[in-house]
Amino acid sequence: MDDALTEPEIVALTADDMQAAAEIRRVALWQRLPWLPDVHTPEEQEQYWRMHLLPNCSILGAAMGNRLVGVIAYGDSWIEQLYVLPGFQGIGIGSSLLGCAKEEMNEIRLWTFQRNAGARSFYEQHGFTAEEETDGADNEEREPDVLYHWRRLPELTPRLQPSGD
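Structure representation (structure tokens):
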């Protein structure tokens, strides 16, 4: 099997990619959580990516061939968005994107919905712990959510052995 066909290319996204990024979020979220209220039009979601996330976050995409299949927006110790298209989940794309954020930040927080069992399992497998649960009153969807937290562990330095001089 050719690794070039199975390994995603991680690329920095630009304003030209924001429509595709917003669409990945839309498709992935409502595939996983079909009961979730659709509170914004596709155009409003694209504007959010373009006007809020792009100027304030690092935004990376995972491309397979010429197709964008996953996105992450992060910065200032937060992951704002992390989505992978349903047909591409479970093959390491989300882990690759998350790994990029973990390389750049020593501490990360993020919100996900309590009923999103797949996301919760994913984050817990990557060392995140649930820190707080809410009733959803403060999010647009009014869906109970959970705050996750990850902190880089300090690296252990090997002890110097005394020389036998």
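For the sequence shown, the UniProt record's numbering puts the final residue at 165, and the numbers step up evenly by one.
Ideal placement from N, C-alpha and C gives every residue a C-beta, glycine not left out.
These numbers come from a predicted model, not from an experiment.
Quick one: is L153 buried, meaning 16 or more other Cβ sit within 10 Å of its Cβ, or exposed? Exposed, since its Cβ has fewer than 16 Cβ neighbours within 10 Å.
According to DSSP, simplified to helix, strand and coil, what is I91? Coil, per DSSP.
Going by beta-carbon coordinates alone, are F88 and V71 separated by less than 9 Å? no
Using the Cα positions of E124 and P86, report the straight-line distance between them to the nearest angstrom. Taking the straight line from one Cα to the other gives about 19 Å.
Short Cβ contact (9 Å threshold) for Q31 with L53: no
Should A109 and L147 be called a contact, given that it needs their Cβ atoms to be closer than 9 Å? Per the sequence shown, residue 109 should be read as Arg rather than Ala. Yes, they are a contact pair.
Counting pairs of beta carbons, one from the stretch 130-143 and one from the stretch 17-32, are three or more of them closer than 8 Å? no
If I measure Cβ to Cβ from E43 and keep anything under 7 Å in the same chain, skipping five residues before and after, which residues do I get? none
Nearest-angstrom Cα separation, counted from A62 out to G90: 14 Å
Take the Cβ of L97 as the centre, count every other Cβ of all protein chains shown within 10 Å, and call the residue buried at 16 or more, exposed below. buried
Cα-Cα separation between N56 and L156, rounded to whole angstroms: So the two alpha carbons sit approximately 33 Å from each other.
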